[in-house]
Each structure stands twice: as structure tokens, then as C-alpha cells.
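Under numbering that gives the first Met the number 0, the letters of the sequence shown match residues 0 to 284, in that order.
All C-beta atoms, glycine included, are put in the ideal place defined by N, C-alpha and C.
Here the structure is a predicted model, which is why all the values come from computation and not from measurement.
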Amino acid sequence: MGTDTSGYRGRFAPSPSGPLHEGSLLAAMASYLDARAHHGKWLLRIEDIDTPRVVEGADAFIMQQLQALGMHWDEPPVWQSQRIPLYEDAFARLQVGGYVYGCACTRRTLGNDPYPGTCRQGLPEGRQARSWRLRVPEGVEHFVDRLQGPQSQNVAHEVGDFILRRADGLWAYQFVVVVDDGLQGITHIVRGADLLASTARQRLLARLLGYKPPDVMHVPLLCDAQGRKLSKQNHAPAFDLARPVQTLQRAWKTLGFELFPAENIETFWQRALPMWAACQHGDSQ
Ligand SMILES: [Zn+2]
């Protein structure tokens, strides 16, 4: 197998905007199995940096859900909201390197990505910076996703200079996730396929900050009958904690594995683990 089993550090990083639903459980399960199959560590990070979306008590509930399903983290959880000085330090390092510039554009004056670079050479006369962007270097980002295969993106052309700090003063998701993964020494990321499109940006940013970009695996998303990703915004219901084995089995099946009988959550994990590990070995070249 191609993956080094020593020093594996994985993580699950939910945003506490509501309880886990069956869609977010897939990412939790896959990242947990992968960490255990590699005899690695599995960390829990509460991504509560987007404070307007945080629901009070959702973090505690998510932890309760994970525990009830037998998914136990190996180090004390961290909350992004308690790590602001770390983000300020990383931001300052990028500034010193000349990789940050202020942007006066408003959402109204901009279309969708890519950002046209309006403020790259300096703010327009008499305007003040509202947000802060990364000066994205030229070049194509190549990487191999363990499930989705080879990927490439020219971030400068396809996304443009992306936002590190938003006009409302909050740190952008793309930035804090890279700082956290770097500082926590994360070696492997297993998460939902909706984040595949963010990976090139995050790898580029990681290197600028002096971190080795983690290996990635993006697992399928669950969609509702309208084809929309199951999400808290779509009011996907929390899964049934009274029937943990059935909940795990449903997620397992959605990940593409064959069902097997399990009397309780312990036997579920005991049997699922070698199956996950065997599947990963078969995949690696
Ligand atoms: Zn601008």
C-alpha cells in the first residue's frame, strides 16, 4: 500500500449550524474509518468561525451524536472561535510575504468568480479596503484525490484572488481551514465531495504558509429528492440516535459497501474497519 501508516492525523470538522444529518455522517464515518484503518489519530474540530450561522448548543449535540455512534476523538476538540490569534499570525505572515491585498469591491459590483483583479495593483482612489484577498500565484495545481482520481485547477484563472478575510471582518473558511490543518499537523483529509472544488485553493495556500498539503479523499454526497445536497440549510433531519446500528449501516451502504449484520455499534466498527482497510489497499497503486 502506498500510504504511510505512521503519523497519520485525520480530522472531522463539522460546523455547528445544526445537528449532524445523514449526509454529514458519511464524512464523519469515512474519516473515522480511514484514521482507524491507518492506526492514526482522529481529531474533532468545531468550525464555528462563521459566527452568524452558529446555533447555540449544536456543538455539544454533534459531540453527543458522534459518541452515541461510537466515534471517539483522540485529542481534545478545538473550536475555531478560540483560535483567532493563530489566524491573525498566519495572516500577518502572508502579509509580510506580499501575498495579501485589500479589496474595496462589493458583491454588487462583482460577478461570480473569477475575481477580475480590480484592486490587485492598489485600491481605487478614495476607497477603503473592505475585504482582504490572496494574491494567487500563476500556475496549475495538480493533485490526486484517493477516490476521485487526478485533479488539476488553475486557481489564478478559474477562481482568481480569493478572500482571506471577509468584509464583515470574519475569517474566510478557505483560510482558517488551511491554518488549522497545518497547525494540527493533519496528514489526511476525508470529507464530502462538495469540497473537492476548494482543494486546489487550500493546497496553494498551505504551501504559502509553509505547510505540507494533506492527502485528500472526497466521499459522495447525499442528495434529496430534488437533487440538492443534504444540508442543514435544506433542513435535513438529524439521524435517529435511538437506533445507532441502523444509522451506521445506512451510512455504510451509502459509502458503497455491502451490508453485514451487527448486534451493536462495537461489532459494527469491528467488522467495518477491516473492510474499509482492504478496500483502501486495493485502491492504492
Ligand atoms: Zn476589489
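Can you grab the Cα-Cα spacing for the pair residue i / residue j, in whole Å?
| i | j | result |
| --- | --- | --- |
| G1 | Q66 | With a pLDDT of only 43 at G1, under 50, the local geometry of the prediction cannot be trusted, and no value is derived from it. |
| V244 | A205 | 38 angstroms |
| Q284 | G255 | Low confidence applies here, because Q284 scores a pLDDT of 37, under 50, leaving its location unreliable; read the following figure in that light. Approximately 20 angstroms between the Cα atoms of the pair. |
| Y292 | G181 | The structure shown does not extend to residue 292, since the chain is modelled only from 0 through 284, so no value can be given for it. |
| D49 | E262 | 40 angstroms |
| Q150 | L220 | 18 angstroms |
| M70 | D160 | 38 angstroms |
| L35 | L272 | Here residue 35 is Arg; the residue named in the question, Leu, does not match the sequence. Each residue's Cα considered, the two are about 7 angstroms apart. |
| F60 | A250 | 19 angstroms |
| A103 | D167 | 13 angstroms |
| Q295 | D58 | In this structure the chain extends from 0 to 284, so residue 295 is not present and cannot be described. |
| P115 | M28 | 39 angstroms |
| K228 | L194 | 12 angstroms |
So what does DSSP say about residue i, is it helix, strand or coil?
| i | result |
| --- | --- |
| V289 | Any answer about residue 289 is impossible in this case: the structure gives the chain only from 0 up to 284. |
| M216 | strand |
| D88 | helix |
| Q191 | For the sequence presented, residue 191 should be read as Gly rather than Gln. Three-state DSSP puts G191 in a strand. |
| A241 | coil |
| S14 | coil |
| D73 | coil |
| C222 | strand |
| R164 | strand |
| I48 | coil |
| H37 | coil |
| L122 | coil |
| R8 | strand |
| K294 | Beyond the ends of the chain as shown, which are 0 and 284, falls residue 294; an answer cannot be given. |
| L169 | coil |
| L42 | strand |
| V139 | coil |
What residues in its chain sit with their C-beta under 6 angstroms from that of residue i, if we drop five residues either side in the sequence?
| i | result |
| --- | --- |
| A12 | R44, E46 |
| R52 | S16 |
| L93 | V99 |
What are the residues that DSSP puts in a beta bridge with residue i?
| i | result |
| --- | --- |
| F267 | F267 is not bridged to any residue. |
| G148 | D144 |
| L286 | A query on residue 286 cannot be resolved here, the shown segment of the chain reaching from 0 to 284 and no further. |
| L20 | For clarity, residue 20 is His in the given sequence; the question names Leu instead. Answer is A237. |
| W78 | I45 |
Roughly how far, in whole angstroms, is the beta-carbon of residue i from the beta-carbon of residue j, given that I think they are within contact range, below 8 angstroms?
| i | j | result |
| --- | --- | --- |
| E137 | Q152 | The pair is not a contact, with the Cβ atoms about 13 angstroms apart (cut-off 8 angstroms). |
| R202 | F142 | 6 angstroms |
| V189 | D144 | That belief does not hold up - the Cβ atoms of V189 and D144 are roughly 10 angstroms apart, past 8 angstroms. |
| V99 | L163 | 6 angstroms |
| S30 | G9 | 5 angstroms |
| A89 | L208 | 6 angstroms |
| S97 | L122 | The question names Ser, yet the displayed sequence has Gly at residue 97. Contact doesn't hold; Cβ gap of about 16 angstroms is too wide. |
| R134 | T105 | 20 angstroms between Cβ atoms; not a contact. |
Measuring only between beta-carbons, confirm whether residue i sits less than 7 angstroms from chain C.
| i | result |
| --- | --- |
| A155 | Among the chains of the structure shown, chain C does not appear; only one protein chain is present. |
Once the 5 residues before and after residue i are set aside, which same chain residues still bring their CB inside 8 angstroms of it?
| i | result |
| --- | --- |
| G246 | Residue 246 is actually Thr in this sequence, not Gly. Excluding residues within five positions, the ones whose Cβ falls inside 8 angstroms are E21, L24, L68, F238, D239, L240. |
| M62 | L43, P76 |
| T253 | E21, L25, P219, L221 |
What residues in its chain sit with their C-beta under 7 angstroms from that of residue i, if we drop five residues either side in the sequence?
| i | result |
| --- | --- |
| W72 | W41, L42, L43 |
| W268 | G69 |
| R270 | F259, A261 |
| I264 | L68, G69, P243, V244, L247 |
Quick one: residues with CB closer than 5 angstroms to any heavy atom of ligand 3, in chain order, please.
Ligands in the displayed structure: ligand 1; ligand 3 is not one of them.
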